[in-house]
Amino acid sequence: MDAVTEVQLAPEQRGHSAQPARDEIHIEAVLHALADPVRLAIVRQLAGPGCEIACRGLEVSVSKSTLTHHLRILREAGVITDRHQGTAKYNSLRREDLDALFPGLLNGILAAPR
1 MDAVTEVQLA
11 PEQRGHSAQP
21 ARDEIHIEAV
31 LHALADPVRL
41 AIVRQLAGPG
51 CEIACRGLEV
61 SVSKSTLTHH
71 LRILREAGVI
81 TDRHQGTAKY
91 NSLRREDLDA
101 LFPGLLNGIL
111 AAPR
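According to the UniProt record's numbering, the residues represented by the sequence shown are 1 to 114, in order.
Given below as structure tokens:
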């Protein structure tokens, strides 16, 4: 693929993670993302202060492709962000953004009985 074609592609088509800006995060998408038990387990693992976990370090009982799907849903809803380092992708909770937009939401969800 030449440089001209690369520039014309959307981020998700170039293999970059699509995630909304803070002002594009909507409560409906966040609640939908958090309604799934696997995604909620991922968020609980990422909830520690400054916590960042590589995909392979997440403790979930799903296949790699299913994990990728769940991470995409969380990322596109604005719940998590990721960064690439070499061949690894590190995930972290967008706690500051979510707390600013929806005060108390994450604390309530994380404190709920399992």
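Beta carbons: idealized from backbone N, C-alpha and C, even for Gly.
The structure displayed is predicted, hence computed values, not measured ones.
Between the alpha carbons of residue i and residue j, how many angstroms are there, rounded?
| i | j | result |
| --- | --- | --- |
| residue 169 | residue 33 | Lying outside 1 to 114, the shown extent of the chain, residue 169 is not represented and no answer is given. |
| residue 92 | residue 113 | 22 Å |
| residue 89 | residue 55 | 6 Å |
| residue 85 | residue 38 | 25 Å |
| residue 105 | residue 63 | 29 Å |
| residue 94 | residue 81 | 6 Å |
| residue 96 | residue 61 | 28 Å |
| residue 29 | residue 78 | 8 Å |
| residue 66 | residue 27 | 24 Å |
| residue 53 | residue 36 | 19 Å |
| residue 59 | residue 50 | 18 Å |
Could you please give the first and the last residue of the uninterrupted beta strand (DSSP E) stretch that includes residue i?
| i | result |
| --- | --- |
| residue 83 | 80-85 |
| residue 88 | 88-93 |
Provide the residue(s) that pair with residue i in DSSP beta bridges, ordered along the chain.
| i | result |
| --- | --- |
| residue 53 | 91 |
Could you tell me the boundaries of the alpha helix (DSSP H) in which residue i lies?
| i | result |
| --- | --- |
| residue 111 | 105-111 |
| residue 39 | 37-46 |
| residue 76 | 64-77 |
Please classify residue i as buried or exposed, where buried requires at least 16 other C-beta atoms within 10 Å of its C-beta.
| i | result |
| --- | --- |
| residue 75 | buried |
| residue 31 | exposed |
task: Indicate whether the contact test is met: 3 or more Cβ pairs, each with one atom in the stretch 59-74 and one in the stretch 97-111, closer than 8 Å.
output: With a cut-off of 8 Å on Cβ pairs, the stretch 59-74 is not in contact with the stretch 97-111, counting fewer than three such pairs.
message: Using 8 Å as the cut-off, can you tell me whether the stretch 92-104 makes contact with the stretch 18-33, which would need three or more C-beta pairs spanning the two stretches below that distance?
response: Counting Cβ pairs under 8 Å, three or more are found: they touch.
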